[in-house]
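See below for the structure under consideration.
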Amino acid sequence: MKAKKIVSFTLAGIFMLSCAMGCSGKPSDSPSSAVPAAKEDSAEKSNAAQETKDTTADTVNLTFWHTYSEGEEAVFLDQVVKGFEEENPGIKIEAVRMPVDGLQQQVIAGASGDAAPDVMRMDLTWVAEFAKLGALQDVSAFDGFSDLKENSLEGPMNTNYYNNGYYGLPLNSTTTVSIWNMDLLNEFGITTPPDTIDGLVDLAKKYNDPANEKWLFTVAGTYTWAMLPWFWTLGGELTDENFSVASGYLNSDQSVAALDTMREWYSDGIISHAIIGEQPDAWGGMTGGKYGMISEGPWFFSSNDSSFKTETTLMPEGEGGSISIVGGENIVMFQNSDKKDAAWKFMQYMLSDESQLAMAEAGVIPTTKTATDKMDTSAAPYLDTYLTQLKTAKVRTPSANWGEIDTILGKAFEQVIRGEAEAKPALDDAAAQIDGLLK
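Residues in the sequence shown are numbered from 3 upward in steps of one, following this note's numbering.
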């Protein structure tokens, strides 16, 4: 039986988080695994039922919630689950594909009602939030954790960090890289994409054609997913390395200079008005032959049947290096699971080369160093760029209050880009607000 209470997971905490997220509904009812035994008239049937009961009692059934797509789920069930159960005959995986819409609320309801799964594939930005509520198990003291941590890419691994512990493992990852419209570059007379920020800006000044709405590159918006790769690459920072304070980092001279540079790109016409939400947006301008480069994820290639020649490169190098942003999902164990040994075995298996490479065949990018080195990208060569970029990609601040931090950053970025505020006071104010949220 599961414990009746989750350690430190108070109903008041759940209620406050639920209110912050808006209205919620009850999760869908799940089929019960407890089936009453029917009375049997014959001794033979009774003995058979007892044998079945004994066999079932020896099997550990793990519930795993996930949001894999239909194609990803097929690979997961046919290869990963099958492989794990063959290696661990006493453990069975009950994989439940969950709807994305309303999932966070459903997890809250499940945990508060003692109906959470044993293990879950969770959006990386949720981990610290649920860890703070006491819903997740800190796995940093489990056998084999240090080896898994050492073999994981640093950025994805850090998304599991909260309050000096690790509340999950990086399961699959993604990032953004520079995607180039080589037809437009050739039209401009450029044969090789620039690999530095200085080179990029110099070429933009030379070849941008605003009269025909053509720019060498643009930034997709002022929201953090679009801004942070450029902000970091230009030398900006969000917090210290322990994610404990923003003042002195977000409002440092380097961060102010980074944001000022992006403001100048917009005001001087180096980039288009897509950054403030005007049309054409990043994707529309790219596919419409208006932009020479955007920073985007691998889903661009599966979502666009491009008629133009593309090339991918790392983010152009700036004062901070060539930096992008970490996205993806982690695998977590719930605190109230009474099957932690089996759950940990499954989590470890999910980070094995066998599992990581099987899911890579379905287009899911691995998070371990050994799997990324072994991954076959011959069918999608552009993935090589993403795998390389992940080695330097940075994580959004792993905080239970990331939602609020995200809003504060987005507001500051937008005000500065639009010329409604100066970078220094805007970042001073944002840093002060974020400091309080990191405590």
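We treat Cβ as the ideally placed atom computed from N, Cα and C, and that holds for glycine.
Three-state secondary structure assigned by DSSP to Lys84: As a working note, residue 84 is residue 82 in the sequence shown. Note: Lys84 maps to helix in three-state DSSP.
Status (buried if at least 16 other CB within 10 Å, exposed otherwise) for Gly438: Mapped onto the sequence shown, residue 438 falls at position 436. By the neighbour-count rule (16 or more Cβ atoms within 10 Å), Gly438 is not buried but exposed.
Let's test the definition: count the other Cβ atoms within 10 Å of the Cβ of Glu280 and tell me whether it reaches 16, buried, or not, exposed. Translated into the one-based positions of the sequence shown, residue 280 becomes position 278. That one is exposed.
Give me whichever residues DSSP pairs with Leu138 in a beta bridge. Walking along the sequence shown from the start, residue 138 turns up at place 136. Leu138 pairs with Phe336.
Beta strand (DSSP E) containing Ile95: first to last residue? Here residue 95 refers to the residue found at position 93 when the sequence shown is read from its first residue. Ile93 to Arg99 is the span of the beta strand (DSSP E), which, as asked, contains Ile95.
Check the DSSP bridge columns for Asp125 and list the partner residues they point to. Taking the first residue of the sequence shown as position 1, residue 125 is located at position 123. Note: Asp125 sits in a beta bridge opposite Glu331.
Endpoints, beta strand (DSSP E) assigned at Glu298: In the sequence shown, the residue the question calls residue 298 occupies position 296. From DSSP, the beta strand (DSSP E) with Glu298 extends over Met295 to Glu298.
Using a threshold of 8 Å, state whether the C-beta atoms of Ala248 and Leu240 are closer than that. By 1-based counting over the sequence shown, the position of residue 248 is 246. By 1-based counting over the sequence shown, the position of residue 240 is 238. For Ala248 and Leu240, yes; Cβs fall inside 8 Å.
Which of the three DSSP states, helix, strand or coil, is assigned to Pro196? Within the sequence shown, numbered from 1, the residue matching residue 196 stands at position 194. Residue state, collapsed to three classes: coil.
Segment limits, alpha helix (DSSP H) that includes Pro158: Your numbering for residue 158 matches position 156 in the sequence shown. Glu156 to Asn160 is the extent of the alpha helix (DSSP H) around Pro158.
For Asp200 and Pro318, I'd like the C-alpha separation in whole angstroms. Walking along the sequence shown from the start, residue 200 turns up at place 198. Walking along the sequence shown from the start, residue 318 turns up at place 316. So the alpha carbons of these two residues sit roughly 9 Å apart.
Just the C-alpha distance for Ile93 and Asp255, rounded to the nearest angstrom, thanks. The count along the sequence shown starts at 1 and reaches residue 93 at position 91. The count along the sequence shown starts at 1 and reaches residue 255 at position 253. Each residue's alpha carbon lies about 55 Å from the other.
Just the C-alpha distance for Gly320 and Trp234, rounded to the nearest angstrom, thanks. Within the sequence shown, the letter at position 318 stands for residue 320. Within the sequence shown, the letter at position 232 stands for residue 234. Answer to the nearest angstrom: the Cα atoms are 9 Å apart.
Between which residues of its own chain and Asp386 is the CB-CB distance below 7 Å, once the five residues before and five after are set aside? Stepping through the sequence shown from its first residue, residue 386 is reached at position 384. Same-chain partners within the cutoff: Thr379.
With DSSP as the reference, please indicate the residues paired to Leu240 in a beta bridge. What you label residue 240 is simply residue 238 of the sequence shown in a count that begins at 1. None, per the DSSP bridge assignment.
Own chain residues within Cβ distance below 6 Å of Lys216, not counting five before or after: For this step, residue 216 is matched to residue 214 along the sequence shown. Result list for Lys216: Lys292, in chain order.
Identify, in the order they occur along the chain, each residue of the same chain with its Cβ nearer than 6 Å to the Cβ of Glu72, setting aside the five sequence neighbours on each side. Taking the sequence shown and counting its residues from 1, one reaches residue 72 at position 70. Within the same chain, Glu72 has no close Cβ partners at all.
Bounding residues of the beta strand (DSSP E) (the contiguous stretch that carries Asn183): Along the sequence shown, read from residue 1 onward, the residue named residue 183 stands at position 181. It spans Val179 to Asn183 - the beta strand (DSSP E) in which Asn183 sits, taken as one unbroken run.
Answer yes or no: the CB of Gly291 versus the heavy atoms of the ligand SAM, is any distance below 7 Å? The ligand content of the structure shown is nil, which means the ligand SAM is not present either.
Could you give the distance in angstroms between the alpha-carbon of Leu236 and the alpha-carbon of Glu152? Within the sequence shown, numbered from 1, the residue matching residue 236 stands at position 234. Within the sequence shown, numbered from 1, the residue matching residue 152 stands at position 150. Taking the straight line joining both Cα atoms gives about 28 Å.
Cβ-Cβ separation, Thr176 to Ile367 (assumed contact under 8 Å), whole Å: Residue mapping note: residue 367 aligns to position 365 of the sequence shown, counting from 1. Residue mapping note: residue 176 aligns to position 174 of the sequence shown, counting from 1. The Cβ separation is near 6 Å, so the contact holds.
Could you pull out every residue in the same chain whose Cβ sits closer than 6 Å to the Cβ of Ser154, ignoring the five residues on either side in sequence? Indexing the sequence shown from 1 puts residue 154 at position 152. These residues qualify, in order along the chain: Pro172, Thr369 and Thr370.
Between the Cα of Ala143 and the Cα atoms of Glu156, Ala133, Met264 and Tyr168, which residue gives the shortest distance? In the sequence shown, counting from the first residue as 1, residue 143 sits at position 141. Closest option to Ala143, Cα to Cα, is Tyr168.
To which residues does DSSP link Trp67 through a beta bridge? Reading the sequence shown from its first residue, position 65 is the one you call residue 67. The partner list for Trp67 (beta bridge, DSSP) reads Val98 and Met122.
Bounding residues of the alpha helix (DSSP H) (the contiguous stretch that carries Glu152): Working through the sequence shown from its first residue, we reach residue 152 at position 150. Phe147 to Asn153 is the extent of the alpha helix (DSSP H) around Glu152.
Select from Met295, Met229, Met288 and Ile410 the residue whose C-alpha is nearest the C-alpha of Met264. Along the sequence shown, one-based indexing puts residue 264 at 262. Closest by alpha carbon: Met229.
Per the contact definition of three or more C-beta pairs closer than 8 Å, is the stretch 331-350 in contact with the stretch 392-401? no
Going along the chain, which unbroken runs of the alpha helix (DSSP H) with 4 or more residues stay wholly within the stretch 335-373? 342-352 and 355-362
Could you have a look at Pro174 and say whether DSSP puts it in helix, strand or coil? Stepping through the sequence shown from its first residue, residue 174 is reached at position 172. What sits at residue 174 in the sequence shown is Asn, not Pro. In the structure shown, Asn174 sits in a strand (DSSP, three-state: E or B).
Quick one: grab the DSSP three-state call for Ala423. Within the sequence shown, the letter at position 421 stands for residue 423. Three-state result, Ala423: coil.
Selected residue, minimal CA-CA separation from Lys413, among Phe303, Gly223 and Tyr388: Here residue 413 corresponds to residue number 411 of the sequence shown, with the count starting at 1. Among Phe303, Gly223 and Tyr388, the Cα nearest to that of Lys413 belongs to Gly223.
Going by the CB atoms, is the gap between Leu64 and Ile95 shorter than 8 Å? Within the sequence shown, residue 95 is the residue found at index 93, counting from 1. Within the sequence shown, residue 64 is the residue found at index 62, counting from 1. Cβ atoms of Ile95 and Leu64: closer than 8 Å.
Taking the alpha carbon of Asp375 as the reference point, which residue from Gln107, Ala382 and Asp355 has its own alpha carbon closest? Working through the sequence shown from its first residue, we reach residue 375 at position 373. Answer by Cα proximity: Asp355.
Counting along the chain, where does the beta strand (DSSP E) carrying Glu75 start and finish? Mapped onto the sequence shown, residue 75 falls at position 73. Here Glu75 belongs to no beta strand (DSSP E); instead the alpha helix (DSSP H) covers Glu72 to Val77.
Take the Cβ of Thr193 as the centre, count every other Cβ of all protein chains shown within 10 Å, and call the residue buried at 16 or more, exposed below. The residue given as residue 193 occupies position 191 in the sequence shown. With fewer than 16 other Cβ atoms within 10 Å, it is exposed.
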